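Input: a single structure, listed below in C-alpha cells.
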Amino acid sequence: MADFLGMMKQAAQLQSKMQEMQDALANVEVEGISGGGLVVVRMTAKMDVKGITIDPSLMKAEEREVLEDLLVTALGDARRKAETAVQEKMQSLTGGLGLPPGLFGQ
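Going by numbering that gives the first Met the number 0, the sequence shown runs without a break in its numbering and finishes at 105.
Next comes the structure, spelled out in C-alpha cells:
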C-alpha cells in the first residue's frame, strides 16, 4: 500500500511540474516566416496564434486586414480541433489503465 501511495504522490508531483511547464510555454512567443518575410505568423509555444502579417504586395490593400483576421481564426480553429484529436487519442490509450482524469493534462 505504501508503494501505491508513493506512486500517487510522484504522479501528483509530475502533474504539477507539467502544469508549470505548460504555464511557462504560454509566455514563449515565436514567429514563423515565409516568402522571405512576406508572411509572418506569431504564436505562443502552446500554439496560440497571436497574429498574422501579410505583406501588402500580395493582395489588395483594402482586403489585407480581413484576410489576416480570417487566417488567425482558421488557424485557431485548426489548433482546437488538433487538441481535441490529441485528447481523444490519449483517452483511448490510457482509458483501460485506470489512471485518474487529468493526469496527462486532459
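C-beta atoms are modelled at their ideal positions from N, C-alpha and C, and glycine is treated no differently.
In this text, all values refer to a predicted model and were calculated from it rather than measured experimentally.
Query: On a CA-only basis, which of Leu69, Asp47 and Val40 is nearest Ala81? Give me that one, please.; Result: Asp47
Query: If you follow the alpha helix (DSSP H) that Ser15 is part of, which residue opens it and which one closes it?; Result: Ala1 to Leu24
Query: Check this for me: beta carbons of Thr43 and Glu67, under 8 Å apart or not?; Result: no
Query: Smallest Cα separation from Arg41: which of Leu74, Ser91, Ala1 and Ala60?; Result: Leu74
Query: Which ranges does the beta strand (DSSP E) cover as unbroken runs of at least 3 residues, wholly within the region 21-50, from first to last along the chain?; Result: 28-33 and 38-43
Query: Using a threshold of 8 Å, state whether the C-beta atoms of Glu28 and Lys49 are closer than that.; Result: yes
Query: Determine the direct distance from the alpha carbon of Gln90 to that of Gln105, and round the result to whole angstroms.; Result: Only weak support is given to the placement of Gln105: the predicted model assigns it a pLDDT of 46, under 50, and the value that follows is read from those uncertain coordinates. Between Gln105 and Gln90, the C-alpha separation is close to 9 Å.
Query: If you measure between the beta carbons of Asp54 and Leu37, is that distance less than 8 Å?; Result: yes
Query: Do Lys45 and Leu13 have their C-beta atoms within less than 8 Å of each other?; Result: no
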